[in-house]
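K.L.:
Heads up: take any position in the sequence shown, counting from 1, add 133, and you land on the numbering used here.
Beta carbons: idealized from backbone N, C-alpha and C, even for Gly.
Please read these numbers as outputs of a predicted model, since none were measured by experiment.
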Amino acid sequence: MLYKTLCPAKINLFLHILGKRTDGFHMLESLVTFADCGDELSFERADELTLEIIGPYANELNGFDINDNLIIRAAKLFEQHFNIRVAGKFTLLKNLPVASGIGGGSSNAAMAIKLLMQAYDKADDMDDVLLALGADVPVCFNGKNVIMSGIGERLDQWPELPNLHAILVNPNEAVSTAKIFGKLNASADIAPYDFARQVAPIFCDVFELAKFLKNQRNDMQSAAVEICPKIANVLNALNECDDLLFAQMSGSGATCFAIFNTSRQAKTATKQLADAHPNWWIKSTIFSG
């Protein structure tokens with residue numbers, strides 16, 4: 134039997150860095166939602182554990198040791214957790230740019246765990262396994278609008294958000310999250326902002342949400358622009374789009390997002406950007422969770 138799922142892109146609508154723990158992990162707070170686009174993953178039981186990567190961004194992953202891929206690592210941790218042997222073929226259709234700030238690898242790992250739970254008829258608390266795979270994996274497994282805090286392990290439900298017509302833009306530049314955090318380590322002006330202790334507002338429409346987001350921030354954006362100046366080009370292009378409500382970088386970059394009121398507005402902006410920047414990755418989408 135073939136099991137398959139979408140690995141949706143993770144979007145950080147805001148991302149506040151609150152500080153750094155003694156073990157080196159950064160404390161953060163982020164409002165997370167998910168796009169209706171992403172990679173596609175399937176699993177079919179077989180004699181051996183294998184992974185085939187295909188699609189527009191497959192080449193960026195195929196040169197690495199397959200055992201380092203988060204999908205295979207997820208399968209190995211699943212084996213250990215349930216004390217069983219996992220054997221089967223994963224096929225990943227890699228649609229999202231690699232190292233792009235929208236949780237592609239984390240979403241792959243989270244969905245691999247979900248597929249294995251279906252294939253092997255397992256149900257259990259997987260929190261430790263998910264966090265061991267990476268700070269973004271628990272939120273991708275959850276797949277809902279949440280405030281993510283701690284180092285990524287605490288997920289607090291957020292009141293329902295309106296569906297958001299949006300576009301994602303990446304200049305086809307990979308950005309190292311470790312390098313971004315390295316820049317943050319040297320920064321002395323990271324202001325704590327513990328949003329989870331405040332009352333979460335309820336937004337009646339996209340205009341209220343956009344107004345709220347304009348008072349938030351992505352604390353990784355400045356460091357990311359230093360490392361990848363093309364991010365500034367993307368943000369400038371987005372801010373020039375007609376009918377734009379809000380634009381910002383997601384995660385550690387380089388992907389940026391823009392929110393519009395209607396699907397027509399988002400698709401018009403997508404076409405205009407694609408015509409002006411044919412080498413960029415540009416995707417019209419809907420954010421929901």
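#1: DSSP three-state call for Val165: helix, strand or coil?
#2: Would you identify the three-state DSSP class for Ala281, choosing helix, strand or coil?
#3: Exposed or buried, which one is Ala321 when buried takes at least 16 other CB atoms within 10 Å?
#4: Take Asn275 and list the residues in its own chain whose beta-carbon comes closer than 6 Å to its own, dropping the five residues that flank it on each side.
#5: Determine the extent of the alpha helix (DSSP H) in which Gln354 is found, giving its start and end residues.
#6: Identify, in the order they occur along the chain, each residue of the same chain with its Cβ nearer than 7 Å to the Cβ of Ala319, setting aside the five sequence neighbours on each side.
#7: Could you tell me the boundaries of the alpha helix (DSSP H) in which Phe340 lies?
#8: May I ask which residues mark the beginning and end of the alpha helix (DSSP H) holding Asp261?
#9: Throw me the rounded Cβ distance for the Leu225 and Leu263 pair, which I believe falls under 8 Å.
#10: Identify the continuous alpha helix (DSSP H) that holds Glu212 and give its terminal residues.
#11: How long is the line joining the alpha carbons of Asn366 and Thr401, rounded to whole angstroms?
#12: To the nearest angstrom, report how far apart Glu177 and Tyr253 are at their CA atoms.
#13: Do Ser383 and Phe390 have their C-beta atoms closer together than 7 Å?
#14: Between Thr155 and Ile204, what straight-line distance do the alpha-carbon atoms span, to the nearest angstrom?
#15: So which of Ile360, Leu378 and Cys361 has the shortest CA-CA distance to Leu342?
#16: My output table needs one value for Gly221: the three-state DSSP class, helix, strand or coil.
#17: Flag this pair as touching only if the stretch 239-258 and the stretch 207-226 have three or more C-beta atom pairs under 8 Å; answer yes or no.
#18: If we count Cβ pairs, one from each stretch, closer than 8 Å, do we get three or more for the stretch 347-357 versus the stretch 194-212?
P.N.:
The relevant details are as follows:
#1: strand
#2: The question names Ala, yet the displayed sequence has Met at residue 281. Strand.
#3: Unreliable positioning characterises Ala321 in this predicted model, as indicated by a pLDDT of 41, which lies under 50. The coordinate reading is nonetheless provided below. Exposed: under 16 other Cβ atoms inside 10 Å.
#4: Leu288
#5: Gln354 to Ile360
#6: Per-residue confidence for Ala319 stands at a pLDDT of 45, beneath the threshold of 50, marking its modelled position as unreliable; no derived number is given.
#7: Val339 to Leu346
#8: Asp260 to Leu266
#9: Not confirmed; about 18 Å, so no contact.
#10: Leu203 to Phe215
#11: 19 Å
#12: 11 Å
#13: yes
#14: 29 Å
#15: Leu378
#16: strand
#17: yes
#18: no
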